[in-house]
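Each residue of the sequence shown is one higher than the one before, counting from 1229 in the numbering used here.
Each residue gets a CB set at the ideal place from its N, CA and C atoms; glycine is no exception.
Okay, so here's the structure we're looking at.
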Amino acid sequence: MAKLWRLGAQNTEPALRRRIMLVNQLGLFGAVTTVPYQLFYGLTSLSYYAPVFASNLAIMAGYLWTLWANYRRRHDSARNFIVVVVMAQLAMVTWYIGRDLGVHLFYFTLISILPLLFERARARALALLAGGNALLFWICDQNFGHATPPLAVPEVILTLVFGFSTVGAVALITAFMVLFRQQIDAVEESLTDSNLELAQLSATDVLTQLPNRRAVEAFLARWSEKPDTLVGVVLCDIDYFKLYNDHYGHLRGDETLYAIGAALRDSTRSDFDLVARYGGEEFIILLPQANHGYIKEAVERLRAAVEALAIEHRYRPDALEVVTMSIGYSQFESRGKRRAPSTREPIDAADKALYRAKNLGRNRAESGFLGAND
């Protein structure tokens, strides 16, 4: 059933897709709700009710044609045709049988979904369409009710069928609204998922699949709101990476960046620490709730993890022939509501320590803690 609803709706904009599905649903429901009446005509006296039975067969074929029209991408034709078919069927059956069958109550069902079928129509056009349906209901109720209808129905059956028509009209209004609400919910859920995905992409480095500088700022901002919080700030820079790219090529350079990012991530506390690409060949690691001793230990573990990758680098000017990293580290301290902490200061301190590590021979770590020489 769901596949039939989606006929012709593939690769269309959301508003048009909802309208196509609604027309398909209306076509299916129109054909299905006609079946009980057809069964009554056939089981009671098919020869007597042959005119209305044959007319309904043509109407049901019209309902199903709308699905084919949508499948063939004739969406406006399908929408316009099904509205005409519904209006004509209700008038035709009421003329044959009379108002006591209650079929003309379905005009209210059609009126309720006109804004969904004609989603871009102006209020005046919708008012005219709704007025046309209301007028047809009045004609059916007044003019087809006083004279004896061409095809009489037993009184007991009239009561049962009128009840069915009343319940059916209300049930269809409810069903269409529920289906429409489900479609809106599905679109909203898809939009929410897309927004989350975009937010994740905007905070992720494409090459290394690590968080980027934006994620670092958000991470520090979140921790800065917590009182008396310590966050270790570790800046890492690949030694002689320009020479590496010049001799091994940028493709190998990208592979090395990815491998180093993975090694750094594997050397930290998963789902707690943040390992991010900070730009170029620089990485930053944030270590929440870490004291000086733990930060120093973690820094050495990070440095050793990169060296242990043993990525060949024969073109560096020193004796080492593998890729290494220089590291500078410091600490971010949140003071809660007493004073808004600066996230820039600890990063600057770690950056200065990183340059000292570079100047002192590379493949080493230097502290940016105030007064520290280790």
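Would the beta-carbon of GLY1477 fall within 7 Å of that of ALA1518?
no
Report the option in ARG1497, ASP1499, PHE1511 whose CA atom is closest to the CA atom of ALA1487.
It is PHE1511 whose Cα lies nearest to the Cα of ALA1487.
Quick check: the Cα distance between PHE1281 and TYR1291, rounded to an integer number of angstroms?
15 Å
Can you tell which of ARG1327, ARG1409, ILE1555 has its C-alpha closest to the C-alpha of GLN1370?
ARG1327
Report yes or no: do the segment 1263 to 1281 and the segment 1301 to 1317 share at least 3 C-beta pairs separated by less than 8 Å?
no
Tell me which residue opens and which closes the alpha helix (DSSP H) that THR1261 is part of.
1242 to 1273
Look at the Cβ atom of ALA1585, then the Cβ atom of GLY1596, and state whether they are nearer than 7 Å.
Taking 7 Å as the Cβ cut-off, ALA1585 and GLY1596 do not qualify as a contacting pair.
The alpha helix (DSSP H) spanning ARG1447 covers which residue range?
For the sequence presented, residue 1447 should be read as Phe rather than Arg. Residues 1441 to 1452.
Got a sec? Which residues, its chain only, sit under 8 Å from ILE1367 by beta carbon, not counting five neighbours each side?
ALA1319
Is it the case that the segment 1394 to 1409 contacts the segment 1320 to 1339, given that we only count it when at least three CB pairs across the two stretches are under 8 Å?
yes
Taking the runs of the alpha helix (DSSP H) that are 4 residues or longer, which of them lie wholly in the segment 1337 to 1398?
1351 to 1374
Could you tell me the alpha carbon to alpha carbon distance between GLU1573 and LYS1454, rounded to whole angstroms?
18 Å
Give every residue of the same chain whose Cβ lies closer than 6 Å to the Cβ of LYS1524, excluding the five residues on either side of it in the sequence, and list them in chain order.
Around LYS1524: no qualifying Cβ.
Which residue wins for smallest C-alpha separation from GLU1509, given the options PRO1378, ARG1301, THR1436?
THR1436
For GLU1528, count the other beta carbons within 10 Å of its own beta carbon; 16 or more makes it buried, fewer makes it exposed. Which is it?
exposed
Does the Cβ of GLU1241 have 16 or more other Cβ atoms within 10 Å, making it buried, or fewer, making it exposed?
exposed
Please work out which residues of its chain come closer than 7 Å, Cβ to Cβ, to ASN1440, disregarding the five sequence neighbours upstream and downstream, and give them in chain order.
ALA1431, THR1432, ASP1433, ALA1504, ARG1505
Compute the Euclidean distance between the alpha carbons of ALA1278 and VAL1384, then round it to the nearest angstrom.
21 Å
If you draw a straight line from the alpha carbon of ASP1546 to that of SER1495, how long is it in whole angstroms?
26 Å
Per DSSP, SER1227 is paired with what?
Given a span of 1229 to 1602 for the chain in the structure shown, any question on residue 1227 remains unanswerable.
Between ARG1247 and ASP1465, what straight-line distance do the alpha-carbon atoms span, to the nearest angstrom?
56 Å
Contact check, THR1552 vs ASP1499 under 8 Å by CB: the rounded distance?
Not confirmed; about 28 Å, so no contact.
Assign TYR1543 to buried or exposed, taking buried as 16 or more other Cβ atoms, counted over all protein chains shown, within 10 Å of its Cβ.
exposed
Assign THR1457 to one of three DSSP states: helix, strand, or coil.
strand
Beta carbon of ALA1286 nearer than 7 Å to that of THR1294
no
Just how far apart, CA to CA, sit SER1562 and ALA1446?
14 Å
Between the alpha carbons of THR1402 and ASN1284, how many angstroms are there, rounded?
24 Å
Using 7 Å as the threshold, is the C-beta distance between SER1558 and ALA1533 below it?
no
Runs of 4 residues minimum, wholly inside the segment 1489 to 1549: which ones carry the alpha helix (DSSP H) assignment?
1520 to 1536
Using the beta-carbon count (16 or more within 10 Å), is GLN1317 buried or exposed?
buried
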